[in-house]
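A.B. asks: There's a structure below that I have some questions on.
2 protein chains.
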Amino acid sequence: MLQYVTTNPGKLREAESYLGDEMIDAYDYDYPEIQAPTLEPIAAAGARDAYREVGQPVVVDDAGLFIEAFDGFPGPYSSFVETTIGVDRVWELAEPLSDRPASFRCVLAYCDGEAVDDPVDDGDLPVQCFTGVVDGEIVAPRGDGGFGYDPIFEHDGATFAERTAAEKNELSHRGRALAAFAEWYQQR
Amino acid sequence: MLQYVTTNPGKLREAESYLGDEMIDAYDYDYPEIQAPTLEPIAAAGARDAYREVGQPVVVDDAGLFIEAFDGFPGPYSSFVETTIGVDRVWELAEPLSDRPASFRCVLAYCDGEAVDDPVDDGDLPVQCFTGVVDGEIVAPRGDGGFGYDPIFEHDGATFAERTAAEKNELSHRGRALAAFAEWYQQR
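From first to last, the protein sequence lines stand for chains A and B.
275 is the number that this note's numbering gives to position 150 of the first sequence; each next residue is one higher, with no gaps.
217 is the number that this note's numbering gives to position 92 of the second sequence; each next residue is one higher, with no gaps.
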């Protein structure tokens, strides 16, 4: 059975909705995340490490908010930046920009020890990555829902904190990565 | 011979000035840095990885600027933050604070596969860490020397960008970590 390396039951449910709940299970393993300016090498290294630990096909994810004018900041360190300077200060940083395009990104990395169609370059075990992106822009905080950067990320006229959970799931960067992965995995 | 895992000739020279140039050499190995909110686990994981690769006693370092009111931001990700939002924006973030204490920190991690006096907790190989700290505060950028966060870090009345290279070396957080390490290592 495919193992989703996560302790988050919401992530498992989201994955089950794309793959079927007979197909995927959650595996609690705290792999060391590496440092990199983009998500792909981080998720890929995690998938290799987790596959060695678990010995079954694994999926690992990583996600973050990427602000274009800031070369992707906070990107892979979104969680660290949220708990240190906080989301309101990220807005203050972005406010003077004339243009504030940004994206929520999620990368899923898959490893089962076998060759894949489109392997990530580095590393000894083949890994394939699937990316989900939601484009939007950074705005002054609005809305009471969601968490993290949701109040300052606007997509299609509303921030993620102004949307219902159902609307957010519909737009989810993780959902988009899972859809791409599920399509590929069901052929495998 | 002790191997300093770095490609920076300046770091090797600084280490030689504390240990003697018969004692330490530079080893070019690009170990994967892990993510953590503090330097110690990052340097320790690097030392374990490098010791496995090199097979000789190794020293690995990590360094960063820690702003107290921001829970240590940018900390271990100082280099990423510098190349994405830039040093001037870190000053803009800090400007509204009533109090701006900060420190330059360097951690040296040593691993030779043998037991050490005061091992870092996690991990399979014993590692000992040595920390060097220079306290100061964040100020509006001043001075043309140095690099990175030097213009916004004031210690004892001058920013690091207003000091000569000799003065900076005298105050170096890396130098302080090297001094602590050298004292311990010469007993070993």
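Here a beta-carbon is modelled for each residue, glycine too, at the ideal position from N, C-alpha and C.
Here the structure is a predicted model, which means the values were calculated and not measured.
So if I threshold CB-CB distances at 8 Å, which residues from the region 171 to 193 of chain B count as touching chain A?
C.D. replies: Within the region 171 to 193 of chain B, no residue has a Cβ that lies closer than 8 Å to any Cβ of chain A.
A.B. asks: Is residue 138 (chain B) buried or exposed, if buried means 16 or more other CB atoms sit within 10 Å of its CB?
C.D. replies: Under this definition residue 138 (chain B) is an exposed residue.
A.B. asks: Using beta-carbon positions only, say whether residue 290 (chain B) and residue 235 (chain B) come within less than 9 Å of one another.
C.D. replies: Result no, Cβ atoms of residue 290 (chain B) and residue 235 (chain B) do not sit closer than 9 Å.
A.B. asks: Give, in chain order, every residue of the region 240 to 267 of chain B whose Cβ lies closer than 9 Å to some Cβ of chain A.
C.D. replies: From the region 240 to 267 of chain B, no residue has a Cβ closer than 9 Å to chain A.
A.B. asks: Where residue 279 (chain B) and residue 238 (chain B) are concerned, what is the direct C-alpha to C-alpha distance, given to the nearest angstrom?
C.D. replies: Approximately 39 Å between the Cα atoms of the pair.
A.B. asks: Suppose only complete runs of 4+ residues qualify. What are the alpha helix (DSSP H) ranges in the region 212 to 245 of chain B, listed by chain order?
C.D. replies: The qualifying runs are 212 to 219.
A.B. asks: When we look at the beta-carbon of residue 253 (chain A) and count the other beta-carbons within 10 Å, is it buried (16 or more) or exposed?
C.D. replies: Buried, by the Cβ-count rule.
A.B. asks: With burial defined as no fewer than 16 other Cβ atoms inside 10 Å of the residue's Cβ, what is the status of residue 276 (chain A): buried or exposed?
C.D. replies: The residue is buried, with at least 16 neighbouring Cβ atoms inside 10 Å.
A.B. asks: Using the beta-carbon count (16 or more within 10 Å), is residue 316 (chain B) buried or exposed?
C.D. replies: In the structure as shown, chain B begins at 126 and stops at 313. Residue 316 (chain B) is therefore absent and cannot be evaluated.
A.B. asks: So the candidates are A:310, A:130, A:307 and A:162; which of them puts its Cα closest to the Cα of residue 179 (chain A)?
C.D. replies: For residue 179 (chain A), the nearest C-alpha among the options comes from A:130.
A.B. asks: If you draw a straight line from the C-alpha of residue 243 (chain A) to the C-alpha of residue 186 (chain A), how long is it?
C.D. replies: Their backbone Cα atoms lie some 17 Å apart in a straight line.
A.B. asks: Please state the DSSP three-state secondary structure of residue 290 (chain B).
C.D. replies: Looking at residue 290 (chain B) - three-state DSSP - the assignment turns out to be helix.
A.B. asks: Residue 250 (chain A) by DSSP, collapsed to three states: which one?
C.D. replies: Reduced to three states, the DSSP call for residue 250 (chain A) is coil.
A.B. asks: Counting only beta-carbon atoms, is residue 277 (chain B) nearer than 9 Å to chain D?
C.D. replies: Of the chains in the structure shown, none is chain D; the protein chains are A and B.
A.B. asks: Can you check whether the C-beta of residue 212 (chain A) is within less than 9 Å of a C-beta belonging to chain B?
C.D. replies: It does not: the Cβ of residue 212 (chain A) has no partner Cβ on chain B nearer than 9 Å.
A.B. asks: Residue 203 (chain A): buried (16+ other C-beta within 10 angstroms of its C-beta) or exposed?
C.D. replies: By the 10 Å Cβ count, residue 203 (chain A) comes out buried.
A.B. asks: Enumerate in chain order the residues of its own chain whose CB-to-CB distance from residue 127 (chain B) is below 8 Å, with the five nearest sequence positions on each side excluded.
C.D. replies: Same-chain partners within the cutoff: 144, 148, 149, 150, 181, 182, 183, 184 and 310.
A.B. asks: For the structure I just gave you, are there three or more beta carbon pairs, one from the region 206 to 221 of chain A and one from the region 282 to 298 of chain A, closer than 8 Å?
C.D. replies: Segments in contact, no.
A.B. asks: With distances taken between CB atoms, is the gap from residue 298 (chain B) to residue 258 (chain B) smaller than 9 Å?
C.D. replies: Cβ atoms of residue 298 (chain B) and residue 258 (chain B): closer than 9 Å.
A.B. asks: Residue 294 (chain A) to residue 300 (chain A), Cα distance in whole Å?
C.D. replies: Rounded to whole angstroms, residue 294 (chain A) to residue 300 (chain A) spans 7 Å at the Cα level.
A.B. asks: Measuring CB to CB, does residue 159 (chain A) end up less than 9 Å from residue 160 (chain B)?
C.D. replies: A contact, by the Cβ cut-off of 9 Å.
A.B. asks: As a quick exercise: from B:189, B:190 and B:232, pick the residue whose alpha carbon is nearest that of residue 169 (chain B).
C.D. replies: Closest option to residue 169 (chain B), Cα to Cα, is B:232.
A.B. asks: Using a Cβ cut-off of 9 Å (strictly closer), state whether residue 149 (chain B) contacts chain A.
C.D. replies: Cβ-Cβ to chain A under 9 Å: no for residue 149 (chain B).
A.B. asks: Going straight from the alpha carbon of residue 188 (chain B) to that of residue 273 (chain B), what length do you get?
C.D. replies: Cα to Cα, the separation comes out at about 12 Å.
A.B. asks: Drop a sphere of 10 angstroms on the beta-carbon of residue 302 (chain A), count the other beta-carbons inside from all chains shown, and report buried for 16 or more, exposed for fewer.
C.D. replies: Result: buried.
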